[in-house]
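Enquirer:
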Amino acid sequence: MLHLPCTKVPIRAVQAADPEVIAKLPPGTRVLEIASFGDSFWARVARLDLEQEGLRRAYFLKATVGEVGREMVSSEYRCMSKIRAFALDNVPEQIAWGTYATMPDVHFLLGEFRVMKSEIPSAEALAKKIAELHRNSSSVAGSGKFGSDIPTFHGNVRVEHGWSDTWEEYFTRTTKVLFRLEQEAQGPNEEIGEMMSPFFDKVIPRLLRPLETGGRSIHPCLIHGDLWHGNTETDAETGLPVIFDAASFYAHNEYDLGVWRQPWNKINKAYRMEYHKHFPKSQPEEDCDDRNALYAVRVNVLDSILYKDDLGYRQMLISGMRELIDKFPGGFEE
Numbered sequence: 272m273l274h275l276p277c278t279k280v281p282i283r284a285v286q287a288a289d290p291e292v293i294a295k296l297p298p299g300t301r302v303l304e305i306a307s308f309g310d311s312f313w314a315r316v317a318r319l320d321l322e323q324e325g326l327r328r329a330y331f332l333k334a335t336v337g338e339v340g341r342e343m344v345s346s347e348y349r350c351m352s353k354i355r356a357f358a359l360d361n362v363p364e365q366i367a368w369g370t371y372a373t374m375p376d377v378h379f380l381l382g383e384f385r386v387m388k389s390e391i392p393s394a395e396a397l398a399k400k401i402a403e404l405h406r407n408s409s410s411v412a413g414s415g416k417f418g419s420d421i422p423t424f425h426g427n428v429r430v431e432h433g434w435s436d437t438w439e440e441y442f443t444r445t446t447k448v449l450f451r452l453e454q455e456a457q458g459p460n461e462e463i464g465e466m467m468s469p470f471f472d473k474v475i476p477r478l479l480r481p482l483e484t485g486g487r488s489i490h491p492c493l494i495h496g497d498l499w500h501g502n503t504e505t506d507a508e509t510g511l512p513v514i515f516d517a518a519s520f521y522a523h524n525e526y527d528l529g530v531w532r533q534p535w536n537k538i539n540k541a542y543r544m545e546y547h548k549h550f551p552k553s554q555p556e557e558d559c560d561d562r563n564a565l566y567a568v569r570v571n572v573l574d575s576i577l578y579k580d581d582l583g584y585r586q587m588l589i590s591g592m593r594e595l596i597d598k599f600p601g602g603f604e605e
């Protein structure tokens, strides 16, 4: 289920370099060319070619509109900067974000431009790098808590995180909020309403509580947060995977693989299998596929909010909830 780009950002936002954008760069920077390229659902994007100290350099420019657009570029700047600290070769450098001087309702993100092959990285290459990101960030997760103080965006849907001491508490608390937003976006649904209690009281405790009880534990990892095939390509120069449009927070590492279960995502089961060669399944290992199905349900909630005119996402949500409720009617048992 793919959707054509639709944006209210004026085209002139990527036809000339705004003075505020240039102000974020070294003095003496001269504009050579700006060219719109690619597709974005919620923004316009361009390649900005500049001359700095006699050398030609290219930058990536994304423009958004409105208060939500301002929050989106701020969030992306912070999220991308965080994950770049653990995946330098795979994450473009973020230079700055701000607001246009000539169009006060237009906001921008400025970053390193990388030439891409326009192809999805192989399962072996991408899964290995994502496992490295998770492992490296887990080793320095200072607070030991799950969540984030940075709101993230699923498309233009704002997601608040906050902090929790356990993964189960984080997942339950924030997923309840998302279900409320889904009902507001799509309208009340009796079937979902009837499944809420068994889903939250039985399924979630059954699949998440064993991760952190019985002598078991998991460590928060910094995840990408929305790694579908539209958010990764292959660097034409290095051949390495490049990831972008992050919605990062500290989570159970396996949560990043929830979107890899979606039938429309070209990053699929083969990538999940490859990932676990580099990052072993959490214990209890036998619950791993069911946890993945649970995380996919949350992805379906987010998509049902975002694409409120497409009932297909809600149907996927209902089916995913029903399968888990039928499989785990008894909930968690000590």
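Going by the working numbering, the first residue of the sequence shown is number 272, and it counts up by one from there.
Built from N, CA and C at the ideal position, the CB exists for glycine as well.
Computed from a predicted model, the values in this text were never measured in an experiment.
So, at 7 Å on beta carbons, what are the nonlocal neighbours of A433 in its own chain, with the 5 sequence-adjacent residues on each side left out?
Expert: As written in the sequence, residue 433 is Gly, which differs from the Ala given in the question. Here the set comprises G418.
Enquirer: Is the Cβ of D558 closer than 8 Å to any Cβ of chain B?
Expert: Annotation note: the requested chain B is absent from the structure, which comprises a single protein chain.
Enquirer: For C492, which residues does DSSP report across the bridge?
Expert: A522
Enquirer: CB-CB under 7 Å to I589, same chain, minus the five flanking residues each way: which ones, in chain order?
Expert: E462, I463
Enquirer: Would you report the Cα separation of I538 and K400, rounded to the nearest angstrom?
Expert: 14 Å
Enquirer: Pull up the distance between the alpha-carbon of L397 and that of Y542, whole angstroms please.
Expert: 8 Å
Enquirer: Alpha helix (DSSP H) containing Q365: first to last residue?
Expert: Where Q365 is concerned, there is no enclosing alpha helix (DSSP H), although the beta strand (DSSP E) it sits in stretches over 365-370.
Enquirer: Whole angstroms are fine: how far does the CA of V285 sit from the CA of K598?
Expert: 51 Å
Enquirer: DSSP three-state label for M272, please.
Expert: For M272, the predicted structure reports a pLDDT of 44, less than 50, and the residue's modelled location is therefore unreliable. A value from the coordinates is still provided. Reduced to three states, the DSSP call for M272 is coil.
Enquirer: Out of Y371, A372, K353, state which residue places its alpha-carbon closest to the alpha-carbon of P363.
Expert: K353
Enquirer: For a test of the three-state rule: what should DSSP assign to R562, helix, strand or coil?
Expert: Here R562 sits in helix by DSSP.
Enquirer: One question on the structure: do L565 and V430 come within less than 8 Å of each other, judged by their Cβ atoms?
Expert: no
Enquirer: Count the C-beta pairs between the stretch 318-333 and the stretch 406-416 that are closer than 8 Å, then say yes if the count reaches three, no if not.
Expert: No: fewer than three Cβ pairs fall under 8 Å.
Enquirer: What do you reckon, are the CB atoms on D561 and L478 nearer than 8 Å?
Expert: Against a cut-off of 8 Å, the Cβ pair of L478 and D561 comes out as a contact.
Enquirer: Using alpha carbons as the reference points, say which of G510, E604, G382 lies closest to G485.
Expert: E604
Enquirer: Based on Cα-Cα distance, which residue from L577, A287, R593 lies nearest to N427?
Expert: Taking the Cα of N427 as reference, the smallest distance to any Cα among L577, A287, R593 is reached at L577.
Enquirer: Which of the three DSSP states is assigned to G529 in this structure?
Expert: The DSSP-derived three-state label of G529 is coil.
Enquirer: How would you write the range of the alpha helix (DSSP H) that V292 sits in, first residue to last?
Expert: Run containing V292: 290-294, per the alpha helix (DSSP H) assignment.
Enquirer: Mind checking which residues open and close the alpha helix (DSSP H) that includes Q614?
Expert: One cannot answer for residue 614 here, as it falls past the ends of the chain, which runs 272 to 605.
Enquirer: Starting from the N-terminal side, write out each stretch of the alpha helix (DSSP H) that is 4 residues or longer and does not extend beyond the stretch 389-465.
Expert: 394-409, 438-457
Enquirer: Does DSSP put D497 in a helix, in a strand, or in coil?
Expert: coil
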